[in-house]
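Participant: Submitted below is the structure of interest, expressed as structure tokens.
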Amino acid sequence: MQILELELHNFRSYELATIRFEPGVNVLVGPNGVGKTNVVEAVGYVSTLGSHRVAADLPLIRKDCDQAILRATASRGQRNVGLEIAINPGRANRLQVSGSPVRSTDFVSQLQTVIFAPEDLALVKGDPSDRRRFLDEVLVARAPRYHSVKSDYDRVVRQRTTLLRSIAGARGATARAGAESTLAVWDDQLVTHGAALLFGRLSLLNEIDGLVATAYEQVAPGKSASIAYLPRSFADLGEHSTLPRDRNELEELLRKEIEIRRSEEFARGVTVVGPHRDDVLLTIGDLPAKAYASHGECWSMALSLRLASFELMRGLDDIPGDPVLILDDVFAELDTTRRAALSQVAMGAEQTIITAAVIEDIPTELQAQQFFITPGQVDRG
Ligand SMILES: Nc1ncnc2c1ncn2[C@@H]1O[C@H](COP(=O)(O)OP(=O)(O)O)[C@@H](O)[C@H]1O
Ligand SMILES: [Mg+2]
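Next comes the structure, spelled out in structure tokens:
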């Protein structure tokens, strides 16, 4: 898979820019703050409908504009697809694939990417939500239908939480009884969509754990690393020491847990049961990385997670070729072993996009097709 062309309109610092990427390695060079990450962020947005830097869309729109438009041509095997997004903050984005309007589930993963960026340190040291986002992004890349599983689940949690809050604040027995009977409907939805999401995450973990261990060994030989799912919302797993990989059993467990924590939910007015509370446990040696890893080990772990996702996605039958590998300003941070491991993967990938402040930051073998970035402009070297 490759991105052949990218057009940015009023996206971040660009009023209008067109970039024609080449197969193999593409390097974007320019001083700090000139707009390199903005370009790869746009590529990532076309891929996942989200930014690797910010949660909200507003900062993506050029200052004093009301809409940003991204157009891309992706080559998927023998076929080229035209992708277009109008980003409308506060309103739904308008999405098109080859000129026809589509829903987000049919848009995500038309272009497959793996981005490794300094922000990825948060995968190790940041909040559980950072690690959940990583899992769910790979989940969607691996099977795009999880995009709707995830958004259905998020909607249920939001609406159920609103209801719980209204129960907590309800005056009078009748109002409270009414709200509680409505809650049963949301319990069912939470169980169904929650189990679907949990099932997806557990299957993904099962596929990716070996790849993470292998990647870590290459990146930082000497210590072993592992990744495991950390269910936070089950006080009591019963006879299970770990979560079962069966959707019905997961539904049953969630349902039981909701009953157990009912009074807590009423008292707090929040949904405390479900995969929106879970985490991922990353281990280096025998120690949890979040609390113990050194700065260098964090980089190794973050890099290993991205390399593992890249390996996972390139092995999938329904994705033509490799995902586009994007390396945003990371080489200057890496030591020799990690640089060499990353460089080897980048060399072997179908298409790689690298950003760097100066070309000397990048291993010589990767100093290929260069683009020079000046404010608002991208020029072929
Ligand atoms: N919405 C926006 N409108 C205008 N300029 C923006 C917007 N968002 C970011 N910028 C500008 O883009 C620049 C940062 O670009 P970036 O791609 O992160 O730089 P780098 O080349 O270091 O990766 C900053 O100067 C910032 O002010
Ligand atoms: Mg940058």
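Each residue of the sequence shown is one higher than the one before, starting from 1005 at the first, in the working numbering.
For every residue, glycine included, the Cβ atom is placed at its ideal position computed from N, Cα and C.
Since we're looking at a predicted model, the values are computed, not measured.
Spatial neighbours of L1285 within its chain, please: CB distance less than 6 angstroms, with the 5 preceding and 5 following residues excluded, ordered by chain position.
Facilitator: A1232, L1234
Participant: Looking only at C-alpha atoms, which of P1093, Q1114, E1369, R1095 sits nearest to V1101?
Facilitator: Q1114
Participant: What number of angstroms, rounded off, separates the C-alpha of T1378 from the C-alpha of V1038?
Facilitator: 6 angstroms
Participant: Nearer than 7 angstroms: is that true of the beta carbon of K1294 relative to any heavy atom of ligand 2?
Facilitator: Because no heavy atom of ligand 2 lies under 7 angstroms away, the Cβ of K1294 does not count as near it: no.
Participant: Have a look at the DSSP bridge pairing and note the partners of T1186.
Facilitator: According to DSSP, T1186 bridges with nothing at all.
Participant: Among R1083, G1103, A1072, V1112, which residue has its Cα nearest to the Cα of G1094?
Facilitator: The shortest C-alpha to C-alpha distance from G1094 to any of R1083, G1103, A1072, V1112 is the one to A1072.
Participant: Buried or exposed: where does C1069 fall if 16 or more other Cβ atoms within 10 Å of its Cβ makes it buried?
Facilitator: Per the 10 Å Cβ criterion, exposed.
Participant: Kindly examine ligand 4 and report whether one of its heavy atoms sits closer than 7 angstroms to the Cβ of D1333.
Facilitator: The ligand content of the structure shown is limited to ligand 1 and ligand 2, which means ligand 4 is not among them.
Participant: Please tell me whether, using a cut-off of 7 angstroms, the distance from the CB of T1378 to the nearest non-hydrogen atom of ligand 2 is below it.
Facilitator: no
Participant: Hey, R1410 and L1206: beta-carbon distance below 8 angstroms or not?
Facilitator: Outside the modelled stretch of the chain, which goes from 1005 to 1385, sits residue 1410, for which no answer is possible.
Participant: Pair every Cβ in the segment 1013-1028 with every Cβ in the segment 1337-1346, then say whether three or more of these pairs are closer than 8 angstroms.
Facilitator: no
Participant: Using DSSP's beta-bridge definition, name the partner residues of I1119.
Facilitator: Paired residues: I1330.
Participant: Cα separation between Y1049 and P1027?
Facilitator: 20 angstroms
Participant: Considering only residues of the same chain and omitting the five flanking positions on each side of L1127, which have a CB-CB separation below 7 angstroms?
Facilitator: D1134, R1135, F1138, A1306, L1309
Participant: Is T1041 close to ligand 1? I mean its beta-carbon at under 7 angstroms from any heavy atom of the ligand.
Facilitator: yes
Participant: Could you tell me whether the Cβ atoms of T1359 and V1044 are closer together than 8 angstroms?
Facilitator: yes
Participant: P1116 to A1181, Cα distance in whole Å?
Facilitator: A quick correction: the sequence has Gln, not Pro, at residue 1116. Those two C-alpha atoms are separated by around 48 angstroms.
Participant: Could you tell me which whole alpha helix (DSSP H) segments of length 4 or greater appear in the segment 1124-1192?
Facilitator: 1125-1129, 1132-1146, 1150-1173
Participant: Taking its Cβ as the centre, do 16 or more other Cβ atoms sit within 10 Å of N1210, making it buried, or is it exposed?
Facilitator: N1210 comes out exposed.
Participant: Would T1275 and L1168 qualify as a contact pair, given that the criterion is a beta-carbon distance under 8 angstroms?
Facilitator: yes
Participant: In angstroms with no decimal places, state the Cα-to-Cα distance between T1196 and E1255.
Facilitator: One C-alpha to the other measures close to 6 angstroms.
Participant: To test your reading of the DSSP string, which unbroken alpha helix (DSSP H) runs of 4 or more residues are found completely within the segment 1284-1310?
Facilitator: Those alpha helix (DSSP H) runs which fall completely within the segment 1284-1310 and span 4+ residues are 1293-1296.
Participant: Using the C-alpha atoms, what's the distance from I1007 back to G1054?
Facilitator: 17 angstroms
Participant: Restricting to runs no shorter than 4 residues, where is the alpha helix (DSSP H) found entirely within the segment 1016-1067?
Facilitator: If we require 4 residues or more, the alpha helix (DSSP H) runs fully inside the segment 1016-1067 come out as 1040-1052.
Participant: Looking at the structure shown, is V1223 part of a helix, part of a strand, or coil, going by DSSP?
Facilitator: helix
Participant: At the level of alpha carbons, what is the spacing between I1262 and Y1157?
Facilitator: Straight-line spacing of the CA atoms in I1262 and Y1157 works out to 15 angstroms.
Participant: Under 8 angstroms by Cβ, that's how I've got V1362 and P1122 pegged, so tell me the actual separation to the nearest angstrom.
Facilitator: 16 angstroms between Cβ atoms; not a contact.
Participant: Is the beta carbon of M1005 closer than 8 angstroms to that of I1212?
Facilitator: no
Participant: What are the start and end residues of the beta strand (DSSP E) that includes G1086?
Facilitator: 1083-1091
Participant: Quick test of your reading: V1047 and F1376, contact by CB under 8 angstroms. State the CB separation rounded to the nearest angstrom.
Facilitator: Not really, about 18 angstroms apart at Cβ, beyond 8 angstroms.
Participant: Might you give, ordered along the chain, the residues of its own chain that have their beta carbon closer than 6 angstroms to the beta carbon of D1222, omitting 5 neighbours on each side?
Facilitator: It is Gln, not Asp, that sits at residue 1222 in the sequence shown. So the list reads A1345, once near-sequence residues are dropped.
Participant: Indicate the three-state DSSP secondary structure (helix, strand or coil) for R1236 in the structure shown.
Facilitator: coil
Participant: Taking C-beta to C-beta, are A1219 and A1297 nearer than 8 angstroms?
Facilitator: no
Participant: Near L1208, what residues of its chain come up, given a Cβ to Cβ distance below 7 angstroms and the 5 sequence neighbours on each side ignored?
Facilitator: L1139, V1142, L1143, R1146
Participant: Please report the distance separating the alpha-carbon of S1170 from that of G1103.
Facilitator: Looking at the two C-alpha atoms, the distance is approximately 44 angstroms.
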